[in-house]
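To convert a position in the sequence shown, counted from 1, into this note's numbering, add 19. By construction, the Cβ of each residue, glycine as well, lies at the ideal position given by its N, Cα and C atoms. For clarity, every value in this text was computed on a predicted model and none was experimentally measured.
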Amino acid sequence: MKKLLLLGLVVSLGLTVSAQQLRQNVKSYSAINKMEIANAPEKPSNVIEELYAPNYDGKNKFVTIIDIGTSANAYGYGYGGGQKSILAYNSEINTVTHFHRMGGDLDPGGYSGDLGYDVSTDGGMNFTNMVECYVATENGGGQYFTDAARYPNHGIYNPMGNTDPANAYVSFFVPTLDGSNSPDSWGGYGYGVSNIGDPSYTTKHLVSSDPGDNIYRYIPDGFCLTNTGEVWVTDINQDWS
Numbered sequence: 020m021k022k023l024l025l026l027g028l029v030v031s032l033g034l035t036v037s038a039q040q041l042r043q044n045v046k047s048y049s050a051i052n053k054m055e056i057a058n059a060p061e062k063p064s065n066v067i068e069e070l071y072a073p074n075y076d077g078k079n080k081f082v083t084i085i086d087i088g089t090s091a092n093a094y095g096y097g098y099g100g101g102q103k104s105i106l107a108y109n110s111e112i113n114t115v116t117h118f119h120r121m122g123g124d125l126d127p128g129g130y131s132g133d134l135g136y137d138v139s140t141d142g143g144m145n146f147t148n149m150v151e152c153y154v155a156t157e158n159g160g161g162q163y164f165t166d167a168a169r170y171p172n173h174g175i176y177n178p179m180g181n182t183d184p185a186n187a188y189v190s191f192f193v194p195t196l197d198g199s200n201s202p203d204s205w206g207g208y209g210y211g212v213s214n215i216g217d218p219s220y221t222t223k224h225l226v227s228s229d230p231g232d233n234i235y236r237y238i239p240d241g242f243c244l245t246n247t248g249e250v251w252v253t254d255i256n257q258d259w260s
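#1: Take Thr147 as the anchor and find which of Ile87, Glu249, Met179 and Val252 has the nearest alpha-carbon.
#2: Can you check which of these residues, Cys152, Gly207, Gly241 and Gly231, is closest to Met121 by C-alpha distance?
#3: Of the choices Thr114, Asp141 and Trp259, whose alpha-carbon is the least far from that of Ser201?
#4: Tell me whether the beta-carbon of Ile112 lies closer than 9 Å to the beta-carbon of Asn214.
#5: Under the rule that 16 or more other beta-carbon atoms within 10 Å means buried, what is Pro127, buried or exposed?
#6: Please state whether DSSP places Ala185 in a helix, a strand or coil.
#7: Out of curiosity, what's the CA-to-CA distance linking Asp217 and Val193?
#8: Use the C-beta contact count for Ala107: other C-beta atoms within 10 angstroms, 16 or more gives buried, fewer gives exposed.
#9: For Ile175, list the residues DSSP reports as bridge partners.
#10: My parser needs the beta strand (DSSP E) runs of 3 or more residues fully inside the region 224 to 252; what are they?
#11: Can the beta-carbon of Asn172 be found less than 9 Å from the beta-carbon of Val252?
#12: Kindly identify the DSSP beta-bridge partner or partners of Ala107.
#13: Comparing C-alpha positions only, which one of Ser190, Asp166, Met149 and Thr114 sits nearest to Pro184?
#14: Over what stretch of residues does the beta strand (DSSP E) that includes Val150 continue unbroken?
#15: Skipping 5 residues on each side, what residues in its chain have a beta carbon closer than 6 Å to that of Gly159?
#16: Mapping the DSSP letters down to three states, classify Ala264 as helix, strand or coil.
#17: Would you say Ser90 and Ser139 are within 9 Å of each other, going by their C-beta atoms?
#18: According to DSSP, is Asp137 part of a helix, a strand, or is it coil?
#19: So the candidates are Asn92, Tyr220 and Gly174; which of them puts its Cα closest to the Cα of Asp124?
#20: Excluding the 5 residues preceding and the 5 following Asn177 in the sequence, name in chain order all residues of the same chain whose CB lies nearer than 6 Å to its CB.
#21: Confirm the yes/no value for this check: CB of Met149, any heavy atom of the ligand FMN, distance under 8 Å.
#22: Tyr130 lies in the beta strand (DSSP E); which residues open and close that run?
#23: Which word fits Tyr96, buried or exposed, when buried means at least 16 other C-beta atoms lie within 10 angstroms of its C-beta?
#24: Would a C-beta distance cut-off of 9 Å place His117 and Asp141 closer than the cut-off?
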């Protein structure tokens, strides 16, 4: 019994020494600016997702290629490391959306400053493509329309308790070329929603930089859409003029 007690004491002391050594190597840092924590209420979900493990024998095709929409510009797909939120899925309504600028083979003559999406309500098996939801109309006489959209972000908003994809919305957020933070270039935001069940229902809002209040808009990133319908994005507040 004494040997066991002594052994236990040695082990305890060893753990104490190790813990002290670890604590000595830990460095502490303090935040320069205090940041507030946003506590948005969350919507409870009763969905229990089961992992699907396909049985692949190596003889048949494992990947099915499904054609979706086209775009006149590919820079929204991770240009310069800026991987945008262009693909979204909502398990509650088994809906997939792919958001992009318009144009390309399926939109001959289409303007790349317009926006649209491809949507599947059966988990990606079938798609309705090129659903236009944002049209640039502000032609100020410069090289680009001042509300021309670039680098789109988006997500699916499903109202609480809804199980019908037709009642859900696509929410989007983009930078625009209104020139308020750089001549004939960046400075504005465009944002809005499109109803999946009724594509004719869309909203469009525009906002510019405000140098007088030291607010400079550029290319928003870090898009997040909460289950309560709030949208969060990040951007650098820098004067590019």
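Working from what's here:
#1: Position 128 of the sequence shown holds residue 147. The shortest Cα separation from Thr147 among Ile87, Glu249, Met179 and Val252 belongs to Ile87.
#2: Working through the sequence shown from its first residue, we reach residue 121 at position 102. When only C-alpha atoms are compared, the closest one is Cys152.
#3: Residue mapping note: residue 201 aligns to position 182 of the sequence shown, counting from 1. Per the Cα distances, Trp259.
#4: As a first step, residue 112 is located in the sequence shown; it is residue number 93 there, counting from the start. As a first step, residue 214 is located in the sequence shown; it is residue number 195 there, counting from the start. Contact flag unset, no.
#5: Reading the sequence shown from its first residue, position 108 is the one you call residue 127. Under this definition Pro127 is an exposed residue.
#6: Along the sequence shown, read from residue 1 onward, the residue named residue 185 stands at position 166. In this structure, Ala185 counts as helix in the three-state DSSP scheme.
#7: Taking the sequence shown and counting its residues from 1, the one referred to as residue 217 is at position 198. Taking the sequence shown and counting its residues from 1, the one referred to as residue 193 is at position 174. Linking Asp217 to Val193 through their CA atoms gives a straight-line distance of about 22 Å.
#8: For the purposes of this step, residue 107 is taken as the residue at position 88 of the sequence shown. Its Cβ being crowded by 16 or more others within 10 Å, Ala107 is buried.
#9: Against the sequence shown, residue 175 aligns to sequence position 156. Partner(s): Val189.
#10: Complete beta strand (DSSP E) runs here, min 3: 224 to 226 and 240 to 244.
#11: Along the sequence shown, one-based indexing puts residue 172 at 153. Along the sequence shown, one-based indexing puts residue 252 at 233. In this structure, Val252 lies closer than 9 Å to Asn172 by Cβ.
#12: Within the sequence shown, residue 107 is the residue found at index 88, counting from 1. BP columns for Ala107 point to Thr116.
#13: Numbered from 1 along the sequence shown, position 165 holds the residue referred to as residue 184. For Pro184, the nearest C-alpha among the options comes from Thr114.
#14: As a position in the sequence shown, residue 150 is number 131, starting the count at 1. Segment Thr147 to Tyr153, the beta strand (DSSP E) holding Val150.
#15: Counting from one through the sequence shown, the residue named residue 159 turns up at place 140. Closer than 6 Å at Cβ, skipping near neighbours: Thr165.
#16: Nothing can be reported for residue 264: it is not among the residues displayed for the chain, which extend from 20 to 260.
#17: The count along the sequence shown starts at 1 and reaches residue 90 at position 71. The count along the sequence shown starts at 1 and reaches residue 139 at position 120. Contact: no.
#18: Stepping through the sequence shown from its first residue, residue 137 is reached at position 118. Note: Asp137 maps to strand in three-state DSSP.
#19: As a first step, residue 124 must be located in the sequence shown, where it is residue number 105. It is Asn92 whose Cα lies nearest to the Cα of Asp124.
#20: Within the sequence shown, the letter at position 158 stands for residue 177. So the qualifying residues of the chain are Asn109, Glu111, Ile112 and Ala187.
#21: Questions concerning the ligand FMN fall outside what the structure shown contains, since it holds no ligand whatsoever.
#22: The residue you call residue 130 lines up with position 111 of the sequence shown. Unbroken run through Tyr130: none, as it is neither H nor E.
#23: What you label residue 96 is simply residue 77 of the sequence shown in a count that begins at 1. That one is exposed.
#24: For the purposes of this step, residue 117 is taken as the residue at position 98 of the sequence shown. For the purposes of this step, residue 141 is taken as the residue at position 122 of the sequence shown. No; because the gap between Cβ atoms is not below 9 Å, this pair is not in contact.
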